[in-house]
Structures are given as structure tokens and as C-alpha cells.
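Visitor: Please see the structure below; I have some questions.
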Amino acid sequence: MMTPFILIRKIAIIAAASLCTIILGANAAADNRVNVATFHALCAALQLGDGAITIDPPIVSKPKPPTEIYNLNMTLADEGWQKTLYKAGKDSEPPTAAEQPEKLNTDWKEKWWTWTTAAIAANTKGVADKIKKEHGLDAADASQLQQTSVAVSQIADTAYHVYSAVATTEESKSDDDIIKELRAALTGNGKTGTEPFDSTKAFTNTAQTYAQACESGATASKTALGALFCLCVVPNLQTNKPCIAEYTHPTWNVAGEPNSGTYNNLRKMCQQRSGNTISAQKVTAAPEAIENKLTAASATAMLGEPAATCDGSTTGACIKYQNAATSDIVDSNKILWLKKMKTVAQWLQQREQRNAANKLATEELERLKRLVSKTPTHANRRPKPAHAHTPANKTNTANSKPQQETDCTTITNPQDCKTAIGCKYNSTTNKCEKDPKKSVVQANQETGGSSTASGCAKHGTDKTACENDKKCKLEGKMQGFRFYCI
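For what it's worth, the UniProt record's numbering labels the leading residue of the sequence shown as 1, then goes sequentially.
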């Protein structure tokens, strides 16, 4: 059984030991390795800006406009529609753009200059014949050209939408833009080469004491390097090793920091890289790792050993970011160098997305070019339509439907107003109207060619008789377009 004397002695020893612990704790520097996790996160970020930087992926250029498809489409298009897009040049001068009509729907406002440019090209002297020859259409008859026109117009419309989807998108940030922004966040040096940089730009001001730079966080908050100074460069007379126990930490220069000598010693702990490849994944991961180490007290965010003050000695080796938190919740966007790093990550992500879109659009336009090159070949293989002399049977059977006539006045897209469906584009009124020539041909086909032509159509292919017929001219004027004899 323990005697009272022995018990009192034991209590005294315990009390003395506790007192020593308290005294030593009060005078101790920041614990060794207390900032090791944060150090590695900051060091990994800092190394992203070292040496020769390669940006991955490289920029994929936007596709070139499918001008060849546009020009072929316009060469085969209805002449009436073409004339709404250009004005013929005087004498030997090339054609020019027609004035854009005021009442155009949104779709045609967007397409107007694309088709106008194509119309000018197609109606420049000799170009249309050259385009037809290049595509093997120089020997095609009117029927084959008409069939080809329908197919090519669909391809051209698709090509327009594919190209337009990427043509007006914002350009990706250049390699130089990315490197400058990244290095400005990491070290305060917005250089793009591998030349040595000025480490004194790590803080907003030079010749700062530890308290000025880190305790208020006003100057060292400029860069990631500034944070590393506060966490790993210890004040004078301290021998603690808050970042890596195996290295003797540089001490805060009596003349103030940052300076190049201290920086060089610091980079022995966080060793420099001769170069590296930057990707969206790497630059996204770096600030995330640092954000995970941030703590908050009221309106202040802190990085490093959490403490009431960041003086690098008795109460913590850290950096304070004033007004970077609200109610103990960190807002990392108020730490500007972290925000810059996230901006760089966003630029790289946007580059990846735009690269994918540009690549897809380029591949699709190449496919459409191959498709349009085959279309004329198929057109030349189509048999020329035989002229029927047998009266058409107009009696509907159980398996047939009554033939419906296209209401040309409902067509608003000039490109859809085609003679193949019995319509003709009126370049004077800018409207789609019924093609009288088509009506006469259809009437003759339905009667086997036995019906007597009337009006202008009675002249058949006699152009002189047609032009000398005053009634014919009057009829054409009343219909709002120039009449062409069949």
C-alpha cells in the first residue's frame, strides 16, 4: 500500500513534468513536418511552371469553308434564284453582290452572304463551265443536271450547317496565353521561355518581414511561391523544419523577402524540373489538392499549420488570406493565384472540347466532299427520260393516289423553289410561283401530246414568233415574270 508521503511525491513529479511540457510547448517552434502535406501540394503546383512547357493537346484548327461544294451547288441552282443574289457586271467586269432584301427570315439572313459569294463565283465568266467540267457534268443534259442539283443542294445545306457550327466559335487560348497565366499564378513571372525568372516577384512588395508577408497575407497572397515562402522559410533564429525533416530549411532574410538566394535554397527542397507537359487534368488537380488543405476562421482562410497568428515560430508556420472566407467557409476564388490556376484549367478543358468539335466537323466535311464528288457520276449513269406518247391514265386505282399539285406560293426557301416540282422563282417579286412552262408540259403529257397549245405555248420552240406576239408579252407581264417559250 502506497504511503501518503510516496503518493505526494508522485503527484509532485507528475505536476513538474506537466509544467515542463507546457513551458516547452509555449516556447517551441512550429512542429517538424507539420506542413509536409501542404508543402507537397504547393511544390507540385510550382513545378508545373518549370522549364520548357509543352501544352497538351495542341490546337486542332477549324475546318476550311466547303467553298467547292457551295460553288457547285450554285452552278446547278435555278437561274432565277441566282439572280437574286448577284448583279451582273458591266462589260467585262465581274458580277457583284446584290442588295440583301429587308424581309428575310433568320435562316436566310445567316446564309445570305455564303450563297451570295457562291453566286458571284459561279457567274463569273467561264467559272460555271469549268466547275461542270471538273465534276464530269459538261456533257450532262438538262434532266441530269436537274437531278444532280437536287442531291447537291441537300449536301450543300448540310455542309453549311456543319461548318457554321464551329466557324463562329471562340478560338482556343494560345500556348503563350496559357503559359503566361499559369506562371503569373505560380511565381508572378508571366514569361513563356526557359530563361531564369525574377523570384522577387513572388510577393506584391519586396523587403517584407515574415509578419508583413504571412500574418496579414496581403503581399504573399499574390502567388503559390509566396505561400511556399510562408510555410517553409522559417524566421531567423528558428531551427524547425515544418516542411521536410530531411532538409535544413532556409531562414527569412533579415533584409526581408523574397530574394533570389532564399528562393534557390527553397528550390533545393522543391526541386526544379527541366520541362513538363501541361494538360487540363494536371492543372485541374493542382489547385484542388491545395484547396483541400485550406482552413478558415471567421473571414480568414489559412494555408499551413492553423493558428491564431502566422508568425513562423511559436504559433504556426502558415499564411493568412484575409477576407477569403465567410462564416468559417473558405472561398478559394478570393485567393487570386488559385483562381488564375483554375482559369488555366478551364482554358485547357475548352481547348479539348473545341478540338473535338473541329476534328468532327473536318471529318464530316471531308465525307460530304467525297459524297458530292460521286453525285455527278451517278447522275451521268441515269437514263435520259423517254418522251411518252401514250395518254396518261387519269383514273385512280385502289393502289394509287391522286396526283397532288405543289402549292408553290407556300415555299419560302428559294433553293426549294424548283422546276422539278412545277415551280419557278420570280426574281422580281422574290417569291416562288407556279411554273407555267411546267403546266403546259404536264397538260401535253396527260393528253399524249394531242391537246392544242394556246397562248404563248402555241409558238412551241419558235422564239421569234413568241417574242413578236404582243399577247404573249402581255400575258408574261401579268403573271409577274418573263415568259420563256418551250
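Even for Gly, the Cβ is constructed at its ideal location relative to N, Cα and C.
1) Just list the residues that DSSP pairs residue 320 with in beta bridges.
2) Count the other C-beta atoms from every protein chain shown that fall within 10 angstroms of the C-beta of residue 347, then say buried if there are 16 or more, exposed otherwise.
3) First and last residue of the beta strand (DSSP E) that includes residue 275?
4) Report the residue from 329, 300, 326 whose alpha carbon sits nearest the alpha carbon of residue 318.
5) Could you compute how far the alpha carbon of residue 425 sits from the alpha carbon of residue 81?
6) Is the distance from the Cβ of residue 360 to the Cβ of residue 69 below 9 Å?
7) Under three-state DSSP, which class holds residue 70?
8) Please state whether the Cβ-Cβ distance between residue 265 and residue 63 is less than 9 Å.
9) Measure the alpha-carbon distance for residue 351 versus residue 164 and round it to whole angstroms.
10) Going along the chain, which residues of its own chain have a beta-carbon closer than 8 Å to the beta-carbon of residue 343, five neighbours each way excluded?
11) Taking a contact to mean a Cβ-Cβ separation below 9 Å, would you say residue 220 touches residue 304 in this structure?
12) In the DSSP assignment, what residue or residues form a beta bridge with residue 325?
13) Quick check on the DSSP output: the beta strand (DSSP E) that includes residue 297 runs from which residue to which?
14) Counting Cβ pairs, one atom from each stretch, are 3 or more of them under 8 Å apart for the stretch 114 to 132 and the stretch 84 to 98?
15) Using the rule of at least 16 other Cβ atoms within 10 Å of the residue's Cβ for burial, across every protein chain shown, is residue 329 buried or exposed?
16) For residue 409, which of helix, strand or coil comes out of DSSP?
17) Considering only residues of the same chain and omitting the five flanking positions on each side of residue 99, which have a CB-CB separation below 6 Å?
18) What is the residue span of the beta strand (DSSP E) that residue 52 lies within?
19) Helix, strand or coil: how does DSSP classify residue 200 here?
20) Do residue 160 and residue 111 have their CB atoms nearer than 9 Å?
21) With a CB to CB cut of under 7 Å and the five nearest residues on each side skipped, what residues in its chain are close to residue 279?
22) Give the DSSP bridge partners of residue 426, in chain order.
23) Skipping 5 residues on each side, what residues in its chain have a beta carbon closer than 6 Å to that of residue 247?
24) Measure the Cβ-Cβ separation of residue 54 and residue 194 and say whether it is below 9 Å.
25) Quick one: what does DSSP say residue 134 is sitting in, helix, strand or coil?
26) Leaving out five residues before and five after residue 217 in sequence, what residues of the same chain have Cβ atoms less than 7 Å from its Cβ?
27) Here's the rule I'm using: 16 or more other beta-carbon atoms within 10 Å means buried, otherwise exposed. How should residue 196 be labelled?
28) If distances are taken between C-alpha atoms only, which option among 435, 434, 37, 432 comes closest to residue 232?
29) Taking the alpha helix (DSSP H) that residue 126 falls in, what are its first and last residues?
30) Report buried or exposed for residue 94, applying the criterion of at least 16 other Cβ atoms within 10 angstroms of its Cβ.
31) Near residue 297, which residues of its chain fall below 6 Å by C-beta distance, leaving aside the five closest residues on each side in sequence?
32) Using the DSSP secondary-structure output, state which residues sit across from residue 234 in a beta bridge.
33) Quick one: grab the DSSP three-state call for residue 208.
34) Is it right to say residue 389 is buried, meaning 16 or more other beta carbons lie within 10 angstroms of its own, or is it exposed?
35) Please determine, among 327, 286, 271, 283, the residue with the shortest C-alpha to C-alpha distance to residue 295.
36) Less than 8 Å between the CB of residue 154 and some heavy atom of the ligand NAD, yes or no?
Guide: If we stick to the structure as given:
1) 302
2) Sixteen is the threshold: when 16 or more other Cβ atoms of the shown chains lie within 10 Å of the Cβ of residue 347, as they do, the residue is buried.
3) 275 to 278
4) 300
5) 6 Å
6) no
7) In this structure, residue 70 counts as helix in the three-state DSSP scheme.
8) For residue 265 and residue 63, no; Cβs fall outside 9 Å.
9) 18 Å
10) 181
11) no
12) Residue 325 pairs with 330.
13) 295 to 297
14) yes
15) exposed
16) helix
17) none
18) 52 to 55
19) helix
20) yes
21) 56, 348
22) 431
23) So the list reads 269, once near-sequence residues are dropped.
24) no
25) helix
26) Exclusion of the five residues before and after residue 217 leaves 319, 320, 321, 322 as the residues of its chain whose Cβ lies within less than 7 Å of its Cβ.
27) exposed
28) 37
29) Where residue 126 is concerned, there is no enclosing alpha helix (DSSP H), given that its DSSP letter is neither H nor E.
30) exposed
31) none
32) Residue pairing of residue 234 in beta bridges, as defined by DSSP: 251.
33) In the structure shown, the three-state DSSP call for residue 208 is strand.
34) Note on residue 389: pLDDT 37, under 50, position unreliable in the model; no value is reported.
35) 327
36) Absence of the ligand NAD is noted for the structure shown, with no ligands found whatsoever.
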